[in-house]
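Q: The numbering used here numbers the first residue of the sequence shown as 29 and each following residue consecutively.
We put the CB at the ideal spot given by N, CA and C, even for glycine.
Mind having a look at this structure? Questions to follow.
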Amino acid sequence: MEARFARSLERLHRVGSSRLADSIGSYQPLQGAASNTIPLQVARDVELAGPNGSVIGVPIAVSFWRRDLAEVERGGVFLVGVDCAGQRLIVEEVVMDDGHMLTAACTEDV
29 MEARFARSLE RLHRVGSSRL ADSIGSYQPL QGAASNTIPL QVARDVELAG
79 PNGSVIGVPI AVSFWRRDLA EVERGGVFLV GVDCAGQRLI VEEVVMDDGH
129 MLTAACTEDV
């Protein structure tokens, strides 16, 4: 039963990720090669449920499918927008990870 639910959740994320993506971007870790053509969902001024019923405020949340990008690190940079030359979003921390989708709290590099 768990495997069936996991497959359903994976399908939900796959379809949702492709349909809800705001743009295609790339990710540049502190060291190593960049990952390109990642469908990204970018949201501003997000409030997430934290531990013990607390609320976590996130200035910019970037969500993506784990299959497209397995992990991100603090200080890594998402390049979002036209030909990945639009916004530069710096990763602060991963705030959600359900095994299929990751959401990273980011700040804008101005």
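Identify, in the order they occur along the chain, each residue of the same chain with its Cβ nearer than 8 Å to the Cβ of Ala-77, setting aside the five sequence neighbours on each side.
A: In the sequence shown, the residue the question calls residue 77 occupies position 49. These residues qualify, in order along the chain: Val-83, Ile-84.
Q: Cα separation between Glu-120 and Arg-72?
A: Indexing the sequence shown from 1 puts residue 120 at position 92. Indexing the sequence shown from 1 puts residue 72 at position 44. So the alpha carbons of these two residues sit roughly 14 Å apart.
Q: Which whole-angstrom value describes the C-beta separation of Arg-116 and Asp-96, a residue pair presumed to lie in contact below a C-beta threshold of 8 Å?
A: Within the sequence shown, numbered from 1, the residue matching residue 116 stands at position 88. Within the sequence shown, numbered from 1, the residue matching residue 96 stands at position 68. Contact doesn't hold; Cβ gap of about 19 Å is too wide.
Q: How would you label Leu-40, buried or exposed, when you count the other beta carbons within 10 angstroms and need 16 or more for buried?
A: In the sequence shown, residue 40 corresponds to position 12, counting from 1. Leu-40 is exposed by the Cβ-count criterion.
Q: Would the beta-carbon of Ser-54 fall within 8 Å of that of Leu-107?
A: Position 26 of the sequence shown, counting from 1, holds the residue named residue 54. Position 79 of the sequence shown, counting from 1, holds the residue named residue 107. The answer is yes: Cβ separation under 8 Å.
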